[in-house]
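Once you know that position 98 of the sequence shown is 102 in the numbering used here, the rest is easy, because the numbers rise by one and skip nothing.
Working notes for the structure below.
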Amino acid sequence: MTVIDVSEAEFRTEVLERSSEVPVVVDFWAPWCGPCRQLGPALEKAAEAREGKVVLAKLDTDQNPGIAQQYGIQGIPAVKAFVDGEVADEFVGAKPPSQVEAFFDRLVPSENEILLQAGDEESLRKIIEKEPANVDANFALAQIHYRNGELDAALERLRNVSGNFLADGLAARIELEREEDPQLLAAFEALDDLRLEEGIDALLAALTDGRLDKDGRERVRKVVVAVLDALGVEHPLARETRRRLAAALY
Numbered sequence: 005m006t007v008i009d010v011s012e013a014e015f016r017t018e019v020l021e022r023s024s025e026v027p028v029v030v031d032f033w034a035p036w037c038g039p040c041r042q043l044g045p046a047l048e049k050a051a052e053a054r055e056g057k058v059v060l061a062k063l064d065t066d067q068n069p070g071i072a073q074q075y076g077i078q079g080i081p082a083v084k085a086f087v088d089g090e091v092a093d094e095f096v097g098a099k100p101p102s103q104v105e106a107f108f109d110r111l112v113p114s115e116n117e118i119l120l121q122a123g124d125e126e127s128l129r130k131i132i133e134k135e136p137a138n139v140d141a142n143f144a145l146a147q148i149h150y151r152n153g154e155l156d157a158a159l160e161r162l163r164n165v166s167g168n169f170l171a172d173g174l175a176a177r178i179e180l181e182r183e184e185d186p187q188l189l190a191a192f193e194a195l196d197d198l199r200l201e202e203g204i205d206a207l208l209a210a211l212t213d214g215r216l217d218k219d220g221r222e223r224v225r226k227v228v229v230a231v232l233d234a235l236g237v238e239h240p241l242a243r244e245t246r247r248r249l250a251a252a253l254y
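Listed below in structure tokens is the structure:
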């Protein structure tokens, strides 16, 4: 059974002991709690999608105040995931379904997550068959097309990806590579070889030397932004590059 109701009397056996076999997610809730009723269906859907791999235990805090006090529940809804009898992850408040899915994925990957981790073309196409707009699968498949030299196929796949800096950067890079500009090709080679500073320097220089038209400058900008996104906001090179990119553009 994927979703169960538990009480204080059953908590040790149904949650703590069972969590040595499969992760048990406990939904601390109460009937009067509006956000609890909002969150509940998303929790149940996520648990049912991972049937046999995770258990969702719902505990009414009004009826079981001792357990709520023991685990420091001060506001509901509160969700705690137990693994081997210990709290492995948790959150408080009603979260959107995407964040609930991510929470469960950290415990037990969904079928799509498993296929995405496999990363081969067949697995990625299985995801897209069910979810044509899946951003991660479309981007990963576009990367495969790109590595295989299938540039048109890569660009077509990237049209299904929106709001993703890495995808925008790859599409821009493909368009720039087709122009066969030696300076830009050298910059891309440096990035591929993890000579990041050298590659970034060459791209920023291309923004300021007057050789590129408006579209070309925008594509270079997208490539640089993709590199920054991959580095993460706290990376020292990313911080310095953001400043230099702004100076080059404005």
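Where is the CB? At the ideal position from N, CA and C, for every residue including glycine.
The model shown is predicted, which means the values in this text are computed figures rather than measured ones.
Which residue marks the beginning of the beta strand (DSSP E) containing residue i, and which one marks its end?
| i | result |
| --- | --- |
| Asp93 | 90-96 |
| Val28 | 28-33 |
| Val87 | 82-87 |
Alpha helix (DSSP H) containing residue i: first to last residue?
| i | result |
| --- | --- |
| Asp140 | 139-151 |
| Leu241 | 240-253 |
| Lys218 | 218-235 |
| Val104 | 101-111 |
| Leu128 | 125-134 |
| Arg177 | 169-181 |
| Ile71 | 69-74 |
| Gln42 | 38-52 |
| Asn116 | 115-122 |
| Glu18 | Per DSSP, Glu18 belongs to no alpha helix (DSSP H) and is neither H nor E. |
Please check the pair residue i and residue j, which I expect to be a contact at CB under 8 Å, by giving their CB distance rounded to whole angstroms.
| i | j | result |
| --- | --- | --- |
| Phe86 | Val19 | 6 Å |
| Val58 | Pro27 | 5 Å |
| Phe143 | Ala82 | Their Cβ separation, rounded to whole angstroms, is 34 Å, which puts Phe143 and Ala82 out of contact at 8 Å. |
So what's residue i in DSSP terms, helix, strand or just coil?
| i | result |
| --- | --- |
| Ile8 | strand |
| Asp64 | strand |
| Val58 | coil |
| Ser24 | helix |
Quick check: what's the CA-CA separation for residue i versus residue j?
| i | j | result |
| --- | --- | --- |
| Arg151 | Gly89 | 45 Å |
| Asp109 | Gly123 | 16 Å |
| Gly38 | Ser114 | 28 Å |
| Ala190 | Ile118 | 36 Å |
| Glu52 | Pro45 | 10 Å |
Thinking C-beta only, is residue j closer than 9 Å to residue i?
| i | j | result |
| --- | --- | --- |
| Phe192 | Leu180 | yes |
| Val224 | Ala176 | yes |
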